[in-house]
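Visitor: Quick note on our numbering: the sequence shown kicks off at 1 and runs consecutively.
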Amino acid sequence: MKTFRFPLQAVLTVRQNQENKALEAYAFAQAGFEKIAARFRRIHQEIEDLFDSRRAALKAIASSEDMQHMQQGMRALQETARLCQTELDKAQAMLEEKSRELLRARQGREVVEKVHQRQFARHQLQVARQEQRTVDDLATLKSIGEFALKWR
């Protein structure tokens, strides 16, 4: 019997390529998100450090000029944190979109792979039946031959 040939192999290859591209896009989006998240964490750490410095300065009776610089620095950091939060939200939305695209691509590939598996299983069953038929035919011929020799 001839070997198994999957008629949708080209479709499967295209779906695998689509999934790989979606996976790369997701990884790129995730790296971007992680970069922004790390920056966001650093900004919040700087804000915490500035709060600590301000508390220490208040205990040490700092000059009004120093307090004003700290306050300006705090406002600048808070504004930067707000802008970073906006970027983080956009990156999160992009990551979720890429995740959905990856899921769709993976589902598309899995559908074609299931068809492949079913057709291959059907082919294997046909091969097994053909082999059994051949074995049965040989056994029948052998028994007919033995029977013919007995009656000679």
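All residues carry an ideal CB built from backbone N, CA and C; glycine is no exception.
#1: Assuming the contact rule is C-beta atoms closer than 8 Å, L8 and V112 should be a hit. Round their C-beta distance to whole Å, please.
#2: Label H90 either buried or exposed according to how many other C-beta atoms from any shown protein chain fall within 10 Å of its C-beta, with 16 as the threshold for buried.
#3: Ignoring anything shorter than 4 residues, give me the alpha helix (DSSP H) runs that lie fully in the stretch 82 to 114, in order along the chain.
#4: Quick check on DSSP: helix, strand or coil for I61?
#5: With DSSP run on the structure shown, which of helix, strand or coil describes L8?
#6: Check whether the Cβ atoms of Q18 and A105 sit closer than 8 Å, and answer yes or no.
Guide: The relevant details are as follows:
#1: Indexing the sequence shown from 1 puts residue 8 at position 8. Indexing the sequence shown from 1 puts residue 112 at position 112. Confirmed, Cβ separation roughly 6 Å.
#2: Reading the sequence shown from its first residue, position 90 is the one you call residue 90. Per the sequence presented here, residue 90 reads as Lys, with His not at that position. The residue in question, K90, is exposed, as its Cβ has fewer than 16 Cβ neighbours within 10 Å.
#3: Counting only runs that start and end inside the stretch 82 to 114, there is no alpha helix (DSSP H) element of at least 4 residues.
#4: What you label residue 61 is simply residue 61 of the sequence shown in a count that begins at 1. Residue state, collapsed to three classes: coil.
#5: For the purposes of this step, residue 8 is taken as the residue at position 8 of the sequence shown. Correct three-state label for L8: coil.
#6: Your numbering for residue 18 matches position 18 in the sequence shown. Your numbering for residue 105 matches position 105 in the sequence shown. A contact, by the Cβ cut-off of 8 Å.
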